[in-house]
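Keeping their order, the protein sequence lines are chains R and A.
Basically the working numbering = 1-based index in the first sequence + 138.
Basically the working numbering = 1-based index in the second sequence + 138.
Here a beta-carbon is modelled for each residue, glycine too, at the ideal position from N, C-alpha and C.
Every value quoted in this text rests on a predicted model; they were computed, and no experiment measured them.
The structure under discussion appears below in the form of structure tokens.
Number of protein chains: 2
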Amino acid sequence: MAKITDSRGYAIGEMSKLTGVNIETIRYYERIGLMPHPDRTAGGNRQYNQSQLKQLFFIKRARELGFSIREIRALLAMALDSGFTCSEVHGMTIEHLASVQEKITSLQRLEQALTRMAAECSRGDVPDCPILDTLFELA
Amino acid sequence: MAKITDSRGYAIGEMSKLTGVNIETIRYYERIGLMPHPDRTAGGNRQYNQSQLKQLFFIKRARELGFSIREIRALLAMALDSGFTCSEVHGMTIEHLASVQEKITSLQRLEQALTRMAAECSRGDVPDCPILDTLFELA
DNA sequence: ATGCGATCTGTAGCCACTACAGATGCAAGG
DNA sequence: CCTTGCATCTGTAGTGGCTACAGATCGCAT
Numbered sequence: 139m140a141k142i143t144d145s146r147g148y149a150i151g152e153m154s155k156l157t158g159v160n161i162e163t164i165r166y167y168e169r170i171g172l173m174p175h176p177d178r179t180a181g182g183n184r185q186y187n188q189s190q191l192k193q194l195f196f197i198k199r200a201r202e203l204g205f206s207i208r209e210i211r212a213l214l215a216m217a218l219d220s221g222f223t224c225s226e227v228h229g230m231t232i233e234h235l236a237s238v239q240e241k242i243t244s245l246q247r248l249e250q251a252l253t254r255m256a257a258e259c260s261r262g263d264v265p266d267c268p269i270l271d272t273l274f275e276l277a
Numbered sequence: 139m140a141k142i143t144d145s146r147g148y149a150i151g152e153m154s155k156l157t158g159v160n161i162e163t164i165r166y167y168e169r170i171g172l173m174p175h176p177d178r179t180a181g182g183n184r185q186y187n188q189s190q191l192k193q194l195f196f197i198k199r200a201r202e203l204g205f206s207i208r209e210i211r212a213l214l215a216m217a218l219d220s221g222f223t224c225s226e227v228h229g230m231t232i233e234h235l236a237s238v239q240e241k242i243t244s245l246q247r248l249e250q251a252l253t254r255m256a257a258e259c260s261r262g263d264v265p266d267c268p269i270l271d272t273l274f275e276l277a
């Protein structure tokens with residue numbers, strides 16, 4: 139049984155390269171308690187283990203899915219304590235999905251408004267612009 | 139010719155009610171130079187005029203369209219100086235539109251991923267969850 | 001004159017990072 | 001063993017776009 143992956147742990151730079159999370163951000167996650175305090179070398183450098191690497195991947199992926207830090211904290215608590223239930227996780231996911239869908243809808247409204255405004259514009263070299271007129275109309 | 143609207147100017151609270159912009163936010167806009175310094179009463183309260191009201195409406199609308207403060211600064215500069223051209227405004231609008239569309243696309247990708255994850259979930263009362271499994275997979 | 005809501009200034013907090021400065025750690029080459 | 005030079009350390013401040021106070025003052029109606 140050779141110790142392959144866990145032999146000496148990962149320095150913060152390796153963690154960063156492996157996960158794509160910025161070094162400063164990793165330290166930030168530790169500061170706010172999203173990542174645990176890792177071991178230190180004699181000189182004081184951080185040394186991470188395999189499970190901490192997994193956790194950072196987890197956070198990275200959840201962030202990419204648009205979960206907030208607060209939500210990730212909850213997801214992690216569920217993932218690490220064994221007392222969670224799958225339906226709780228499902229609930230959080232559905233809730234988050236709804237907020238993503240809301241954002242999409244409101245951005246699509248913006249898109250339409252902007253498209254309409256741009257279409258009305260002559261693009262000429264004149265200082266008279268229907269886009270600015272629209273913005274300046276008193277409601 | 140009765141002085142109706144401009145008679146004594148608007149207090150900040152009126153500005154807020156008329157435009158829907160928070161009082162603190164109006165002061166913030168002044169601090170960062172997005173709104174001009176208005177006149178003051180003898181006692182020091184802000185008194186806004188009609189054109190400042192128009193400007194605040196402008197800002198409000200542009201924010202609702204998702205323009206950043208920096209972009210609004212540029213739009214305002216164009217709107218207030220007469221040296222701007224319509225095609226410049228058009229350009230900014232198109233650029234902003236593109237960034238809105240990018241956001242929509244990326245949110246739609248999130249939406250799909252979340253929907254897929256949620257669908258795989260049994261929602262059971264068990265501590266074994268494909269959603270967390272997905273997040274925990276090493277890439 | 002008084003009461004009370006509106007407004008004042010100034011500062012700190014929010015989120016999720018990012019960007020330094022200045023001091024060390026660590027590993028490889030000479 | 002020593003230097004070199006990159007990696008990492010801590011701590012603080014800045015970003016955007018507000019929001020939320022605290023404690024003082026204004027202004028208007030009674």
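Using beta-carbon distances, residue 269 of chain R counts as an interface residue toward chain A, with a partner under 9 Å.
Chain-order list of chain A residues neighbouring residue 217 of chain R: 267, 270, 273 and 274, by C-beta distance under 9 Å. About 13 Å separates the beta carbons of residue 156 of chain A and residue 197 of chain A, which is beyond the 8 Å limit, so they are not a contact pair.
Using a CB distance cut-off of 9 Å, residue 164 of chain A does not count as an interface residue toward chain R. Secondary structure at residue 201 of chain R: helix, using DSSP grouped into helix, strand and coil. Minimum Cα-Cα distance from residue 263 of chain R among the listed residues A/275, A/270 and A/221 corresponds to A/221. With a 10 Å radius around the Cβ and a threshold of 16 neighbouring Cβ atoms, residue 254 of chain A comes out exposed. The beta carbon of residue 153 of chain A does not come within 9 Å of any beta carbon belonging to chain R, so the residue lies off that interface. Note: residue 185 of chain A is bridge-paired with A/177 in the DSSP secondary-structure output. Exclusion of the five residues before and after residue 191 of chain A leaves 148, 153 and 156 as the residues of its chain whose Cβ lies within less than 7 Å of its Cβ. For residue 233 of chain R, the enclosing alpha helix (DSSP H) stretches over residues 224-257. Pairing residue 219 of chain A with residue 215 of chain R, the inter-Cα distance amounts to about 55 Å. Taking a beta-carbon distance threshold of 9 Å, residue 263 of chain R counts as an interface residue toward chain A. The CB of residue 173 of chain R never comes closer than 8 Å to any CB in chain A; the least such distance is about 15 Å. The C-alpha of residue 187 of chain A lies about 11 Å from the C-alpha of residue 194 of chain A.
Contact of residue 209 of chain A with chain R is not assigned, every C-beta pair being separated by 9 Å or more.
Judged by DSSP secondary structure, residue 212 of chain A falls within the alpha helix (DSSP H) whose first and last residues are 207-218. By the Cβ rule, the segment 238-251 of chain A does not count as touching the segment 224-232 of chain R, because fewer than three pairs are nearer than 8 Å. Approximately 6 Å separates the beta-carbon atoms of residue 230 of chain A and residue 212 of chain A; this is inside 8 Å, confirming the contact. Residues of chain A with a Cβ closer than 8 Å to the Cβ of residue 238 of chain R are, in chain order, 245, 248, 249 and 252. Per the DSSP secondary-structure output, residue 148 of chain A pairs in a beta bridge with A/186. If you look at residue 162 of chain A, you'll find it in the alpha helix (DSSP H) that goes 161-169. Contact annotation for residue 194 of chain R against chain A: no contact, minimum CB-CB distance about 11 Å [criterion: below 7 Å]. Residue 260 of chain R sits in coil when the DSSP states are folded into three classes, being neither helix nor strand.
DSSP, read as helix, strand or coil, puts residue 191 of chain R in helix.
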